[in-house]
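> Numbers in UniProt numbering are just positions in the sequence shown, counted from 1, shifted up by 575.
Note that CB positions come from ideal geometry on N, CA and C, so glycine has one too.
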Amino acid sequence: LAMDSALRRAIKRNEFFLVYQPIFNVSTGRISGLEALIRWQQADGSVLLPAGFVPLAEETGLILKIGEWALRTACSQVGLFSRAAGIPLRMAVNISPVQFREATLIDAIREAVDSNDMAPHQLELEVTEGVLLDSSDEAEETITQIRKMGIQVAMDDFGTGYSSLGYLKRFPIDRLKIDRSFVTGMESTQNDLALTEAVIKMGHSVNAKVTAEGVETALQLKYLSKQGCDDAQGFYLAKPMRAEQLVEYLLTGS
Ligand code: G
Ligand code: G
Ligand code: MN
Ligand code: NA
Numbered sequence: 576l577a578m579d580s581a582l583r584r585a586i587k588r589n590e591f592f593l594v595y596q597p598i599f600n601v602s603t604g605r606i607s608g609l610e611a612l613i614r615w616q617q618a619d620g621s622v623l624l625p626a627g628f629v630p631l632a633e634e635t636g637l638i639l640k641i642g643e644w645a646l647r648t649a650c651s652q653v654g655l656f657s658r659a660a661g662i663p664l665r666m667a668v669n670i671s672p673v674q675f676r677e678a679t680l681i682d683a684i685r686e687a688v689d690s691n692d693m694a695p696h697q698l699e700l701e702v703t704e705g706v707l708l709d710s711s712d713e714a715e716e717t718i719t720q721i722r723k724m725g726i727q728v729a730m731d732d733f734g735t736g737y738s739s740l741g742y743l744k745r746f747p748i749d750r751l752k753i754d755r756s757f758v759t760g761m762e763s764t765q766n767d768l769a770l771t772e773a774v775i776k777m778g779h780s781v782n783a784k785v786t787a788e789g790v791e792t793a794l795q796l797k798y799l800s801k802q803g804c805d806d807a808q809g810f811y812l813a814k815p816m817r818a819e820q821l822v823e824y825l826l827t828g829s
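Encoded structure:
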């Protein structure tokens, strides 16, 4: 309960901020997009990661306001980042299953895209399998509607759910994100190496692009490149950064 009122106060006081992690095209090595990741800077200066507050925000419904703020903020900055990079960047925004169930999501997305300097295809919504679990018909319709607007949909944490393959059969998506647990195991575990290759092929077979998450070594990147992975993200390539630092990074290339 204390946490609940702290969250409400945080919304009023604008204590949330976004960091952005660069995502790279594997074959060119050039930046192709960004993932927006929310942080909460508490009154005492400490910074909380999403795992420390998103679950409660989802339970209390406060994630609706917080998620809308994140969507608007990320979209309001993608033009600036794209100019600094010299190419239009994709902006990936995580969407909670709770947000996804709200009928207001479509309007919020349209508003965020229309009122900012960006093309619809520059926005990519990352959904987890949790989005697809309940009332699948509605989820399917929402995804279809979003994609008709020209906005992209990515399935996040792919491979960790109950029925990854079933979701792939059922839901039309633009991108798969290979969960970092598979990428971590690539160097040491033959099975994981085989599985990343299989997931990349699977994604391509349904005309989706594939992003590998959690790339931490040169060897992992080399394997992913051989396997035909489209994009990669991870500490080896770049860490999440605040907006000011990101602009500097994009302008100077470091
Ligand atoms: O930032 P960190 O690397 O700790 O991210 C962990 C997870 O938190 C992400 O994989 C994502 O699922 C979730 N997350 C990050 N930002 C947001 C956000 O703006 N909204 C929602 N719903 N989840 C987020
Ligand atoms: O949306 P998702 O839950 O996948 O968010 C990605 C999370 O993974 C973010 O919290 C980000 O900080 C984290 N992350 C990004 N790159 C790496 C990495 O190379 N290694 C590890 N351990 N975590 C990473
Ligand atoms: Mn994500
Ligand atoms: Na993920």
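#1: Tell me, to the nearest whole angstrom, how far the beta carbon of T827 is from that of Y811; I am working on the premise that it is less than 8 angstroms.
#2: Count the other CB atoms, across all protein chains shown, that sit within 10 Å of the CB of V622; report buried if there are 16 or more and exposed otherwise.
#3: CB of I638 to nearest heavy atom of ligand 1: below 7 angstroms?
#4: Given a threshold of 16 other Cβ atoms within 10 Å of its Cβ, counted over all protein chains shown, does K752 qualify as buried or as exposed?
#5: Is the Cβ of G760 closer than 8 angstroms to any Cβ of chain B?
#6: Along the beta strand (DSSP E) that carries N669, what are the first and last residues, could you check?
#7: Could you pull out every unbroken alpha helix (DSSP H) segment of at least 4 residues lying fully inside the stretch 673-697, listed in chain order?
#8: Sort out for me which residues DSSP pairs K752 with in a bridge.
#9: Find out if the Cβ-Cβ distance for the pair E643, A683 is shorter than 8 angstroms.
#10: Under the assumption that C650 contacts L582 (Cβ atoms under 8 angstroms), give the Cβ distance between them as a whole number of angstroms.
#11: With respect to 7 angstroms, is the separation between the Cβ of E633 and the closest non-hydrogen atom of ligand 3 below this value?
#12: Straight-line CA distance for V790 to L700?
#13: My understanding is that E788 touches D754, with C-beta atoms under 8 angstroms, so please give their C-beta distance in whole angstroms.
So, from the listed chains and residues:
#1: In this structure, T827 and Y811 do not form a Cβ contact; the two beta carbons are roughly 19 angstroms apart against a cut-off of 8 angstroms.
#2: V622 should be labelled exposed.
#3: I638 Cβ: within cutoff of ligand 1.
#4: Buried, since its Cβ has 16 or more Cβ neighbours within 10 Å.
#5: Looking at the structure shown, chain B is missing, and only one protein chain is on hand.
#6: In the DSSP annotation of this structure, the continuous segment of the beta strand (DSSP E) that includes N669 starts and ends at 665-669.
#7: The alpha helix (DSSP H) runs lying completely inside the stretch 673-697 and spanning 4 residues or more are 680-689, given in chain order.
#8: For K752, which the question treats as bridged, DSSP gives the partners T786.
#9: Yes, the pair counts as a contact, with Cβ atoms nearer than the cut-off.
#10: C650 to L582, Cβ: 23 angstroms. No contact.
#11: Distances taken from the Cβ of E633 to the heavy atoms of ligand 3 include none shorter than 7 angstroms.
#12: Across the structure, V790 and L700 are spaced so that their CA atoms are roughly 21 angstroms apart.
#13: A Cβ-Cβ separation of about 6 angstroms places E788 in contact with D754 under the 8 angstroms criterion.
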